[in-house]
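To convert, note that position 89 of the sequence shown is 89 in UniProt numbering; the numbers rise steadily by one, no gaps. Every residue gets a Cβ at the ideal spot worked out from N, C-alpha and C, and that includes glycine. Below is one structure, written out as C-alpha coordinates, with a few remarks after it.
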Amino acid sequence: MKLRIPATSANLGPGFDTIGLALSLYQYLEVEEARESNLKIGHLVYDAYVKTFAHVGKDPLAASFNFYGDIPRSRGLGSSAACIVAGITAANELGKLGLSQGQLLEIATEMEGHPDNVAPALLGGLVYAMRDGGLYYKKVSVSSNLVFTLLIPQDELLTDVARDLLPKKVPMEDAIFNLSHLPFLIEAFEKGDFNLLKVASQDRLHEQYRAKYIPYFSDLKESLKDRACVHISGAGSTSLIISKEPILQDLEDLVQEGVQILEVTVDGEGVTKIKQ
(Lines of atoms letter the chains of each structure in order from A and count residues from 1; the text may use other names and numbers.)
(Lines give C-alpha, C1' and ligand atoms only; values in the text may rest on other atoms or scores of the structure.)
Protein backbone atom coordinates (compact mmCIF):
# COMPACT_ATOMS: atom_id res chain seq x y z
CA MET A 1 0.00 0.00 0.00
CA LYS A 2 1.23 3.49 -0.83
CA LEU A 3 -0.08 6.68 0.76
CA ARG A 4 0.43 10.28 -0.32
CA ILE A 5 0.21 12.96 2.39
CA PRO A 6 0.14 16.70 1.61
CA ALA A 7 2.11 19.47 3.24
CA THR A 8 0.03 21.94 5.20
CA SER A 9 0.23 25.64 5.97
CA ALA A 10 -1.39 26.81 9.20
CA ASN A 11 -1.80 30.10 11.10
CA LEU A 12 -3.08 31.69 7.90
CA GLY A 13 -3.68 35.39 8.42
CA PRO A 14 -5.87 35.90 11.50
CA GLY A 15 -6.46 32.15 11.89
CA PHE A 16 -3.77 31.46 14.48
CA ASP A 17 -3.99 27.84 15.73
CA THR A 18 -7.37 27.60 13.99
CA ILE A 19 -7.11 27.19 10.24
CA GLY A 20 -4.90 25.24 7.85
CA LEU A 21 -4.49 24.58 4.14
CA ALA A 22 -3.32 21.44 2.30
CA LEU A 23 -0.77 22.03 -0.46
CA SER A 24 0.66 20.04 -3.38
CA LEU A 25 3.97 19.16 -1.74
CA TYR A 26 4.02 15.57 -0.51
CA GLN A 27 5.37 12.84 1.70
CA TYR A 28 4.84 9.20 0.76
CA LEU A 29 4.49 6.09 2.87
CA GLU A 30 4.88 2.60 1.44
CA VAL A 31 3.78 0.01 3.97
CA GLU A 32 3.10 -3.71 3.91
CA GLU A 33 2.75 -6.50 6.41
CA ALA A 34 6.04 -8.10 7.45
CA ARG A 35 7.41 -10.58 9.96
CA GLU A 36 8.87 -7.73 11.98
CA SER A 37 8.41 -3.96 11.91
CA ASN A 38 11.43 -1.98 10.70
CA LEU A 39 10.43 1.12 12.71
CA LYS A 40 10.44 1.46 16.48
CA ILE A 41 8.65 3.55 19.09
CA GLY A 42 10.05 7.06 18.87
CA HIS A 43 9.56 7.35 15.11
CA LEU A 44 6.47 9.53 14.76
CA VAL A 45 4.98 7.53 11.89
CA TYR A 46 5.24 4.34 13.92
CA ASP A 47 4.02 6.02 17.12
CA ALA A 48 0.86 7.10 15.28
CA TYR A 49 0.47 3.63 13.77
CA VAL A 50 0.70 1.94 17.18
CA LYS A 51 -1.58 4.48 18.85
CA THR A 52 -4.30 3.91 16.26
CA PHE A 53 -4.33 0.16 16.88
CA ALA A 54 -4.35 0.82 20.63
CA HIS A 55 -7.39 3.08 20.17
CA VAL A 56 -9.43 0.01 19.21
CA GLY A 57 -7.73 -2.27 21.73
CA LYS A 58 -5.58 -4.20 19.25
CA ASP A 59 -1.89 -4.97 18.98
CA PRO A 60 -0.26 -3.44 15.89
CA LEU A 61 0.38 -5.60 12.85
CA ALA A 62 4.08 -5.99 12.12
CA ALA A 63 4.86 -4.03 8.98
CA SER A 64 7.62 -2.70 6.77
CA PHE A 65 7.61 1.10 6.35
CA ASN A 66 9.29 3.30 3.75
CA PHE A 67 8.61 6.99 4.43
CA TYR A 68 10.01 9.63 2.09
CA GLY A 69 9.14 12.80 0.22
CA ASP A 70 9.61 16.52 -0.21
CA ILE A 71 8.19 18.15 2.94
CA PRO A 72 11.13 19.69 4.82
CA ARG A 73 11.32 19.40 8.59
CA SER A 74 10.82 22.39 10.91
CA ARG A 75 9.92 24.82 8.11
CA GLY A 76 6.26 25.43 8.97
CA LEU A 77 4.85 22.98 6.42
CA GLY A 78 3.33 20.36 8.69
CA SER A 79 6.09 17.73 8.61
CA SER A 80 5.01 16.25 11.96
CA ALA A 81 1.35 16.29 10.89
CA ALA A 82 2.30 14.37 7.74
CA CYS A 83 4.01 11.71 9.88
CA ILE A 84 1.00 11.37 12.15
CA VAL A 85 -1.56 11.24 9.35
CA ALA A 86 0.58 8.68 7.50
CA GLY A 87 0.75 6.44 10.56
CA ILE A 88 -2.91 6.57 11.54
CA THR A 89 -4.08 6.03 7.96
CA ALA A 90 -1.71 3.09 7.48
CA ALA A 91 -3.03 1.48 10.66
CA ASN A 92 -6.66 2.01 9.68
CA GLU A 93 -6.15 0.62 6.17
CA LEU A 94 -3.73 -2.22 6.90
CA GLY A 95 -5.53 -3.31 10.06
CA LYS A 96 -9.01 -2.82 8.56
CA LEU A 97 -9.95 -0.95 11.74
CA GLY A 98 -12.94 0.84 10.23
CA LEU A 99 -12.30 4.18 11.92
CA SER A 100 -14.05 7.22 10.44
CA GLN A 101 -12.27 10.39 9.33
CA GLY A 102 -13.57 12.08 12.46
CA GLN A 103 -12.15 9.36 14.70
CA LEU A 104 -8.81 9.48 12.90
CA LEU A 105 -8.73 13.25 13.27
CA GLU A 106 -9.36 12.93 17.02
CA ILE A 107 -6.35 10.60 17.35
CA ALA A 108 -4.18 12.85 15.18
CA THR A 109 -5.16 15.98 17.11
CA GLU A 110 -4.41 14.31 20.43
CA MET A 111 -0.93 13.44 19.17
CA GLU A 112 -0.19 16.79 17.50
CA GLY A 113 -1.74 18.92 20.23
CA HIS A 114 -3.80 21.03 17.81
CA PRO A 115 -5.86 20.29 14.68
CA ASP A 116 -4.78 23.04 12.28
CA ASN A 117 -2.19 20.94 10.41
CA VAL A 118 -3.46 17.39 10.85
CA ALA A 119 -6.98 18.32 9.71
CA PRO A 120 -6.04 19.53 6.21
CA ALA A 121 -3.42 16.77 5.90
CA LEU A 122 -6.20 14.25 6.49
CA LEU A 123 -9.09 15.96 4.70
CA GLY A 124 -7.49 18.25 2.11
CA GLY A 125 -8.55 21.78 1.23
CA LEU A 126 -8.93 24.55 3.77
CA VAL A 127 -10.04 23.35 7.20
CA TYR A 128 -10.93 25.29 10.31
CA ALA A 129 -11.38 23.55 13.63
CA MET A 130 -11.95 24.01 17.34
CA ARG A 131 -11.89 21.88 20.47
CA ASP A 132 -14.50 22.40 23.17
CA GLY A 133 -15.49 19.15 24.84
CA GLY A 134 -15.04 17.55 21.43
CA LEU A 135 -13.48 18.29 18.08
CA TYR A 136 -15.43 20.37 15.57
CA TYR A 137 -14.17 20.97 12.05
CA LYS A 138 -15.26 22.21 8.64
CA LYS A 139 -13.65 21.71 5.24
CA VAL A 140 -13.88 24.56 2.76
CA SER A 141 -13.18 24.43 -0.98
CA VAL A 142 -10.67 27.01 -2.20
CA SER A 143 -11.14 28.93 -5.44
CA SER A 144 -8.75 28.12 -8.28
CA ASN A 145 -8.40 31.86 -8.95
CA LEU A 146 -5.66 32.19 -6.34
CA VAL A 147 -1.95 31.44 -6.90
CA PHE A 148 0.11 29.96 -4.04
CA THR A 149 3.89 30.23 -3.80
CA LEU A 150 6.20 28.94 -1.08
CA LEU A 151 9.53 30.43 -0.06
CA ILE A 152 11.40 27.70 1.80
CA PRO A 153 14.69 28.76 3.46
CA GLN A 154 17.49 26.41 4.40
CA ASP A 155 17.27 27.39 8.06
CA GLU A 156 14.93 25.53 10.38
CA LEU A 157 12.72 27.23 12.96
CA LEU A 158 11.59 24.70 15.55
CA THR A 159 7.94 25.02 16.58
CA ASP A 160 8.79 25.08 20.29
CA VAL A 161 11.28 27.89 19.72
CA ALA A 162 8.82 29.85 17.57
CA ARG A 163 6.12 29.39 20.22
CA ASP A 164 8.43 30.88 22.85
CA LEU A 165 8.67 34.06 20.78
CA LEU A 166 5.00 34.81 21.41
CA PRO A 167 3.75 36.90 24.34
CA LYS A 168 1.77 35.27 27.13
CA LYS A 169 -0.91 37.97 26.84
CA VAL A 170 -2.09 40.11 23.93
CA PRO A 171 -4.07 43.37 23.89
CA MET A 172 -7.84 42.99 23.69
CA GLU A 173 -7.96 45.07 20.50
CA ASP A 174 -5.54 42.66 18.80
CA ALA A 175 -7.70 39.66 19.70
CA ILE A 176 -10.81 41.46 18.40
CA PHE A 177 -8.95 42.44 15.22
CA ASN A 178 -8.16 38.81 14.40
CA LEU A 179 -11.63 37.55 15.31
CA SER A 180 -13.31 40.15 13.10
CA HIS A 181 -11.10 39.35 10.11
CA LEU A 182 -11.30 35.54 10.20
CA PRO A 183 -14.81 35.02 8.69
CA PHE A 184 -13.88 37.25 5.76
CA LEU A 185 -10.63 35.33 5.22
CA ILE A 186 -12.63 32.13 4.76
CA GLU A 187 -15.04 33.87 2.37
CA ALA A 188 -12.12 35.25 0.35
CA PHE A 189 -10.60 31.78 -0.05
CA GLU A 190 -13.94 30.28 -1.13
CA LYS A 191 -14.73 32.99 -3.66
CA GLY A 192 -11.18 33.68 -4.81
CA ASP A 193 -11.76 37.34 -3.95
CA PHE A 194 -8.21 38.68 -3.87
CA ASN A 195 -9.18 42.22 -2.85
CA LEU A 196 -11.05 40.87 0.17
CA LEU A 197 -8.15 38.52 0.91
CA LYS A 198 -5.71 41.43 1.10
CA VAL A 199 -7.79 43.01 3.85
CA ALA A 200 -8.86 39.84 5.67
CA SER A 201 -5.46 38.13 5.82
CA GLN A 202 -3.95 40.59 8.30
CA ASP A 203 -2.76 39.31 11.68
CA ARG A 204 -1.85 40.81 15.04
CA LEU A 205 -1.30 37.71 17.17
CA HIS A 206 1.87 36.02 15.94
CA GLU A 207 3.41 37.35 12.75
CA GLN A 208 4.97 40.51 14.17
CA TYR A 209 6.81 38.51 16.83
CA ARG A 210 8.23 35.90 14.46
CA ALA A 211 8.96 38.01 11.37
CA LYS A 212 12.35 39.20 12.63
CA TYR A 213 13.63 35.60 12.47
CA ILE A 214 12.97 35.49 8.72
CA PRO A 215 15.47 38.10 7.42
CA TYR A 216 13.69 39.06 4.20
CA PHE A 217 10.09 38.72 5.41
CA SER A 218 9.20 42.31 6.31
CA ASP A 219 10.81 43.76 3.17
CA LEU A 220 9.08 41.13 1.04
CA LYS A 221 5.69 41.87 2.58
CA GLU A 222 6.13 45.59 1.95
CA SER A 223 7.36 45.11 -1.63
CA LEU A 224 4.43 42.88 -2.58
CA LYS A 225 1.67 44.56 -0.58
CA ASP A 226 -0.30 45.62 -3.67
CA ARG A 227 0.07 42.30 -5.52
CA ALA A 228 0.20 39.54 -2.92
CA CYS A 229 -0.58 38.47 0.62
CA VAL A 230 2.57 37.30 2.41
CA HIS A 231 2.17 34.97 5.40
CA ILE A 232 4.46 33.08 7.72
CA SER A 233 3.56 29.45 7.11
CA GLY A 234 2.86 27.76 10.42
CA ALA A 235 5.56 28.79 12.87
CA GLY A 236 8.05 29.51 10.04
CA SER A 237 10.55 29.62 8.55
CA THR A 238 8.66 29.17 5.26
CA SER A 239 6.62 32.03 3.80
CA LEU A 240 3.35 31.42 1.94
CA ILE A 241 2.52 34.00 -0.71
CA ILE A 242 -0.97 34.22 -2.17
CA SER A 243 -1.50 36.26 -5.33
CA LYS A 244 -3.86 36.74 -8.23
CA GLU A 245 -1.17 36.18 -10.86
CA PRO A 246 2.07 34.14 -10.86
CA ILE A 247 4.95 36.11 -9.29
CA LEU A 248 7.88 33.71 -9.50
CA GLN A 249 10.10 36.16 -11.41
CA ASP A 250 9.44 38.95 -8.91
CA LEU A 251 10.38 36.69 -6.02
CA GLU A 252 13.68 35.67 -7.55
CA ASP A 253 14.71 39.33 -7.46
CA LEU A 254 13.55 39.87 -3.87
CA VAL A 255 14.78 36.94 -1.79
CA GLN A 256 18.26 35.85 -0.79
CA GLU A 257 20.21 32.91 -2.17
CA GLY A 258 19.47 29.50 -0.71
CA VAL A 259 15.71 30.06 -0.56
CA GLN A 260 13.67 27.55 -2.57
CA ILE A 261 10.83 29.19 -4.51
CA LEU A 262 8.03 26.79 -5.32
CA GLU A 263 4.63 27.43 -6.89
CA VAL A 264 2.03 25.00 -5.51
CA THR A 265 -1.69 24.37 -5.67
CA VAL A 266 -4.27 23.52 -3.06
CA ASP A 267 -4.56 19.78 -2.44
CA GLY A 268 -8.27 19.08 -2.18
CA GLU A 269 -8.06 15.41 -1.23
CA GLY A 270 -5.81 15.08 1.81
CA VAL A 271 -4.14 11.75 2.48
CA THR A 272 -4.72 9.46 -0.48
CA LYS A 273 -4.05 5.82 -1.28
CA ILE A 274 -2.33 5.68 -4.66
CA LYS A 275 -1.45 2.91 -7.07
CA GLN A 276 2.13 1.63 -7.05
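In this structure the stretch 44-60 does not lie against the stretch 234-251, because fewer than three pairs of beta carbons, one per stretch, are closer than 8 Å. One thing to note: Gly13 has its Cβ no nearer than 9 Å to the Cβ of Leu196. Residue range Leu44 to His55 is occupied by the alpha helix (DSSP H) that includes His55. The alpha-carbon of Gly113 is positioned some 12 Å away from that of Leu135. The distance from the Cβ of Ala63 to that of Glu30 is about 10 Å, inconsistent with a contact at the 8 Å cut-off. Membership of Val264 in the beta strand (DSSP E) is indicated by the continuous run Gln260 to Val264. A straight-line Cα-Cα distance of about 8 Å links Ser37 and Phe65. By the C-beta density criterion, Ile176 is exposed, having fewer than 16 other C-beta atoms within 10 angstroms. Assignment of Gln27 by DSSP, reduced to helix, strand and coil, places it in the strand class.
A straight-line Cα-Cα distance of about 45 Å links Ala211 and Asp59. The stretch 88-106 makes no contact with the stretch 164-178, as fewer than three CB pairs between them are under 8 Å. Assignment of beta-bridge partners to Ala10 by DSSP yields Gly20. Looking only at Glu207, Thr89 and Ile232, the smallest Cα-Cα distance to Gly270 is reached by Thr89. About 22 Å separates the beta carbon of Glu207 from that of Arg73, a gap too long to meet the 8 Å contact definition. Each of Val199, Ser218 and Pro115 was checked against the Cα of Met130, and the nearest Cα belongs to Pro115.
Gly78 is a Cβ neighbour of Thr8, given a cutoff of 9 Å.
In this chain, His181 is not harboured by any beta strand (DSSP E); it is covered by the alpha helix (DSSP H) spanning Met172 to Lys191.
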